[in-house]
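Here the protein sequences come in this chain order: A and B. Following numbering that gives the first Met the number 0, the numbering of the first sequence begins with 0 at its first residue and continues without gaps. Following numbering that gives the first Met the number 0, the numbering of the second sequence begins with 0 at its first residue and continues without gaps. In this text, a Cβ means the ideal position worked out from N, Cα and C, and glycines have one as well. Since this is a predicted model, take the numbers as computed values, not measurements.
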Amino acid sequence: MVDTLDRRPAPVADQAEDETAEETPRGFVPSWLITTGSVVLALAIWQLCAPLINPFFGTYPTAILAAFWKLVGTGKLAGALADSLRPFAAGFALAILAGIPLGLLIGRFRVLEAAIGIYVTAGYAMPLVALVPLLVLWFGLGFEVKVVIISLMSVFPICINTWLGVTAVPKALIEVGKSFVAPDHVILRRIILPATLPYIMAGLRLSVGRAVVAMVVAEFFTSISGLGAIIQTSANNYDTATTFVPIIIIMLMAVSLNFLVGAIERWVAPWQAEIAGRDQQ
Amino acid sequence: MGEVDLVNVSKRFTLRVERKVHAIRALDRVSFSVHDGEIVALIGPSGCGKTTALRIAMGLETASAGKVMVDGREVKGCGHDRGMVFQFAELLPWLTALQNVMFGLEMKGLRGQQLRATATRYLELVGLSDSLNRRPHQLSGGMKQRVGIARALAIDPKVLLMDEPFGALDAQTRETMQAELLDIHARTKKTILFVTHDLDEAVLIADRIVVLNRGRVQEIMTVPLARPRPDPGLVRGLPEFAATRYRVWQALHHSGDTLH
Numbered sequence: 000m001v002d003t004l005d006r007r008p009a010p011v012a013d014q015a016e017d018e019t020a021e022e023t024p025r026g027f028v029p030s031w032l033i034t035t036g037s038v039v040l041a042l043a044i045w046q047l048c049a050p051l052i053n054p055f056f057g058t059y060p061t062a063i064l065a066a067f068w069k070l071v072g073t074g075k076l077a078g079a080l081a082d083s084l085r086p087f088a089a090g091f092a093l094a095i096l097a098g099i100p101l102g103l104l105i106g107r108f109r110v111l112e113a114a115i116g117i118y119v120t121a122g123y124a125m126p127l128v129a130l131v132p133l134l135v136l137w138f139g140l141g142f143e144v145k146v147v148i149i150s151l152m153s154v155f156p157i158c159i160n161t162w163l164g165v166t167a168v169p170k171a172l173i174e175v176g177k178s179f180v181a182p183d184h185v186i187l188r189r190i191i192l193p194a195t196l197p198y199i200m201a202g203l204r205l206s207v208g209r210a211v212v213a214m215v216v217a218e219f220f221t222s223i224s225g226l227g228a229i230i231q232t233s234a235n236n237y238d239t240a241t242t243f244v245p246i247i248i249i250m251l252m253a254v255s256l257n258f259l260v261g262a263i264e265r266w267v268a269p270w271q272a273e274i275a276g277r278d279q280q
Numbered sequence: 000m001g002e003v004d005l006v007n008v009s010k011r012f013t014l015r016v017e018r019k020v021h022a023i024r025a026l027d028r029v030s031f032s033v034h035d036g037e038i039v040a041l042i043g044p045s046g047c048g049k050t051t052a053l054r055i056a057m058g059l060e061t062a063s064a065g066k067v068m069v070d071g072r073e074v075k076g077c078g079h080d081r082g083m084v085f086q087f088a089e090l091l092p093w094l095t096a097l098q099n100v101m102f103g104l105e106m107k108g109l110r111g112q113q114l115r116a117t118a119t120r121y122l123e124l125v126g127l128s129d130s131l132n133r134r135p136h137q138l139s140g141g142m143k144q145r146v147g148i149a150r151a152l153a154i155d156p157k158v159l160l161m162d163e164p165f166g167a168l169d170a171q172t173r174e175t176m177q178a179e180l181l182d183i184h185a186r187t188k189k190t191i192l193f194v195t196h197d198l199d200e201a202v203l204i205a206d207r208i209v210v211l212n213r214g215r216v217q218e219i220m221t222v223p224l225a226r227p228r229p230d231p232g233l234v235r236g237l238p239e240f241a242a243t244r245y246r247v248w249q250a251l252h253h254s255g256d257t258l259h
C-alpha cells in the first residue's frame, strides 16, 4: 500500500550538521612528528653517552648500526628474519583463527562460559616457558613446536578480549535482531561480531607483543634458529652490539605489527574511529 | 488486518536488594485491545509496567500468565507481524541508514533489487531520501528515530509497537516527529500501540488511551478528536484536546499515587 505514496523532501530543520574537514588549529604538531622527535632525541642522548659505555657491558646506536650492516652483508640477517617470521605468522594466524570464534562462543553461551571459561582464564596465566620441554617431547624441535608455542602464548589475550567484548554488547542491539526474528547464528555474525570488533582488535594488539616474545622463547629453547640464534651466539661471544641488532628488529617488528592492526581496525571498523572522534588525528 | 488483544496479562519477577528477595508484580491481569488501524497510547507513571506490556506484546519478554493475541493468533516470541520501534532507535552503528532498514527486510527473506528498493521507499516515506548512506552517528536524534520507524514499517507488520519513541528527543523535534507519525499513520493505516509518559503526546496521537498504574489498567479513555489530524498545532488548541488532557491528568493523579 505504500507503493502509491509520493516521495517527500527531507525536512531541513532536522538535518544533522554536514561534516566538513576540521580546520587544523595553529601550532598543531602532528602525532607522527612528535613520535619521530622523541625517538631522535632518545637516540641522540644514547649516542652522546657512547664514550662512557664499555663495549663489553653495553652498546650505543652507531655500534649497533655497524653490526647491522655487517650482518646484512653476510646475508645472515635476512635468512634469520625469514626463519623467525615463518613460525610467527603461522602461530599468530592459528591464534586468531582459534581465539576469535572461541571468545565469541564463550561470551554468547552461558553454558560454554561456565564450562570452558575457566580454562581460558587459567591458560592466560600459564607459565609457558616451564612447559616448553614437554611441548618439545610432543611436537619435536622444528617448525611445529615453534608454531604451537607462539599460538599458545597469543591465543588467550585474543580469546579473553573477544569474550569480554561479547559480554559488553548492548542488550538492546541483540533485541533488535530478535525483534526482526534473526536466527542465533545471524545475531552472532551480523550483530555481536561487528559490535565486538574494537575489543577483538585490542586483543590482537595485546597478543602481538606476547607472540613476539614467544617467538624468541621458542628459538631459545627448541632448535636454535632465526633471530634468537643471532642473539644467543653473539651474547656468548660478548658481542653486545650484534646482540642488540635482532633485539631492536624484534621491537620494531612489534611496533609495526601494532600499527598494522590499527590500520586493519580502521579498515574493517571505520565507524569506531568516527564515533570515538579520533579520525581527525 | 491488525488487531491486538492483551488478555489478562500478568508479569511477576523477583528483585534481590541486599539479601532480601522482593516479588515484583509488574503487570496484574492487564486486558485491553487495539483495533485494526487504531492508535492506542499506553500511559502511566514510570515503573507502572507500560514498557513491560509492550515488550510482552513484541515477544521480547514472556508473560507469567495471560496471553497476547494478534489477529486471533497467540503471540509466541517475536514475529514479522509486529514491528518494534525502540526508545533510543537502536540502529546498528556499523550500518548506513539504508543498510539498517535492509537488515530487517533481509530477516524477512527479501533479496536483491526488491530489498534495496523497498528499504529506499520506506526511508523516503520518513523523509530521509537524502541521507540513505549516512551512518547513525552522522544522523541527528530525530533522524535516527525516523530510520527506526522506517526499519519497523518496512517489514509491513500488522502492528507497530513503539516504546517511548520520542522521549529522548528535544521538544521541537518531538513535535515534528509527532506530526510525522500522524501523517505516516494517515498514509499507512497501521495499527499502533504506543508507550509514552507524555500526556500531550498521548492525547494528540491516540484514538484511545490506556492508563496503567502499578501494573493494572486503571482506565481506558476514548479521545474525541477526529482523524486525520493534519495540523497538530490546531488540534492542541481545540477545547476537546484540553478536556481530554485534563481527564487523563486526573486519572493519573487520582490513583492514590502521585505522578513522578
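request  = Check each candidate in B/Arg215, B/Asp199, B/Pro44, B/Arg226 and name the one with the smallest Cα separation from B/Ala242.
outcome  = B/Asp199
message = On the criterion of 16 or more Cβ atoms from any shown chain inside 10 Å, does B/Lys189 qualify as buried, or is it exposed?
response = buried
task = State the Cα-Cα distance for the pair A/Tyr237 and A/Ile99, rounded to the nearest angstrom.
result = 43 Å
ask   = Which same chain residues, not among the five before or five after B/Phe87, have their C-beta less than 7 Å away from its C-beta?
value = For B/Phe87, same chain residues with a beta-carbon under 7 Å away, outside a window of 5 residues either side, are Ala167 in chain order.
request  = Under the assumption that B/Thr117 contacts B/Gly140 (Cβ atoms under 8 Å), give the Cβ distance between them as a whole number of angstroms.
outcome  = Between B/Gly140 and B/Thr117 the Cβ distance is about 25 Å, and since that is not below 8 Å, they are no contact.
query = How about A/Ile274: is its C-beta nearer than 9 Å to some C-beta of chain B?
reply = yes
ask   = At what residues does the beta strand (DSSP E) containing A/Phe55 begin and finish?
value = No beta strand (DSSP E) contains A/Phe55, which DSSP labels as neither H nor E.
message = Let me see if you follow: with CB-CB separation under 9 Å, is A/Val175 close to chain B or not?
response = yes
Contacts that A/Leu172 makes with chain B (C-beta to C-beta distance below 8 Å) = Glu89, Leu91
task = Would you mind working out which of A/Pro54, A/Trp45, A/Ala210 sits nearest A/Lys145, comparing C-alpha positions?
result = A/Ala210
message = Looking only at its chain, what residues have a beta carbon closer than 8 Å to the beta carbon of A/Thr19, apart from the 5 residues adjacent to it on each side?
response = Unreliable placement is indicated for A/Thr19, whose pLDDT of 49 sits below 50; the coordinate value is still reported in the next sentence. Setting aside the 5 residues that flank it on each side, A/Thr19 has no residue in the same chain whose C-beta is closer than 8 Å to its C-beta.
task = Output, in sequence order along the chain, the residues in the region 255 to 270 of chain A whose CB is closer than 9 Å to any CB in chain B.
result = Ala268, Pro269, Trp270
Secondary structure of B/Leu27, DSSP reduced to three states = Checking the sequence shown, residue 27 of chain B turns out to be Asp, not Leu. Residue state, collapsed to three classes: strand.
inquiry  = Buried or exposed for A/Ser288, going by 16 or more other Cβ atoms inside 10 Å?
reply    = With chain A covering 0 to 280 only, the question about residue 288 of chain A has no answer from this structure.
query = Quick one, are the C-beta atoms of B/Thr195 and B/Phe165 less than 9 Å apart?
reply = yes
task = State the beta-bridge partners of B/Ala22 as determined by DSSP.
result = B/Thr13
task = Whole angstroms is fine: what's the gap from A/Gln271's alpha carbon to B/Phe31's?
result = When the Cα atoms are used, A/Gln271 and B/Phe31 turn out to be separated by approximately 44 Å.
message = Just to check my reading of the structure: A/Val119 and A/Ile159 have Cβ atoms closer than 8 Å, yes? What is that Cβ distance to the nearest angstrom?
response = 6 Å
ask   = So which residues on chain A does B/Met83 lean against when the C-beta distance must stay under 7 Å?
value = Ser178
ask   = Who are the near neighbours of A/Phe67 in its chain, counting only those whose CB is closer than 6 Å to its CB and skipping five residues on each side?
value = Val244
message = Tell me which residues share the same chain as A/Arg85 and place their Cβ nearer than 8 Å to its Cβ, disregarding the 5 neighbours each side in the sequence.
response = Phe142
query = Between the region 32 to 58 of chain A and chain B, which residues of the former have a C-beta closer than 7 Å to a C-beta of the latter?
reply = none
key: 8 Å CB neighbourhood of B/Pro231 in its chain, flanking five on each side removed   = Glu174, Gln177, Ala178, Leu181, Leu203
Residue-chain proximity (B/Arg15, chain A), Cβ-Cβ < 9 Å = At a cut-off of 9 Å between C-beta atoms, B/Arg15 does not count as an interface residue with respect to chain A.
ask   = Shorter than 9 Å from the beta carbon of A/Val165 to some beta carbon of chain B?
value = no
inquiry  = Give the list of continuous alpha helix (DSSP H) stretches no shorter than 4 residues that lie fully inside the region 156 to 194 of chain A.
reply    = The qualifying runs are 170 to 178, 183 to 186.
request  = For B/His252, count neighbouring Cβ atoms within 10 angstroms of its own Cβ and tell me buried if that reaches 16, exposed if not.
outcome  = exposed
query = Interface residues of chain B around A/Ile190 at Cβ under 8 Å?
reply = Leu91
request  = Check whether the Cβ of B/Gln264 lies closer than 9 Å to any Cβ atom in chain A.
outcome  = Residue numbering for chain B in the displayed model covers 0 to 259; residue 264 of chain B lies beyond these limits and cannot be assessed.
query = Can you find a CB in chain A that lies within less than 9 Å of the CB of B/Gly1?
reply = no
request  = Output the boundary residues of the alpha helix (DSSP H) element that contains B/Arg246.
outcome  = 238 to 252 is the span of the alpha helix (DSSP H), which, as asked, contains B/Arg246.
Contacting positions in the region 93 to 123 of chain B - beta carbon closer than 8 Å to chain A = Trp93, Phe102, Gly103, Met106, Lys107, Arg120, Tyr121, Glu123
task = Say whether chain B places a C-beta atom closer than 9 Å to the C-beta of A/Ala194.
result = yes
request  = Name, please, each residue of chain A whose Cβ falls closer than 7 Å to the Cβ of B/Met57.
outcome  = Ser178
query = How do the region 69 to 89 of chain B and the region 217 to 235 of chain B stand: do at least 3 beta-carbon pairs fall below 8 Å, yes or no?
reply = no
inquiry  = Counting only Cβ pairs nearer than 9 Å, list the residues of chain A close to B/Ile23.
reply    = Result: empty, since nearest Cβ-Cβ is about 19 Å, beyond 9 Å.
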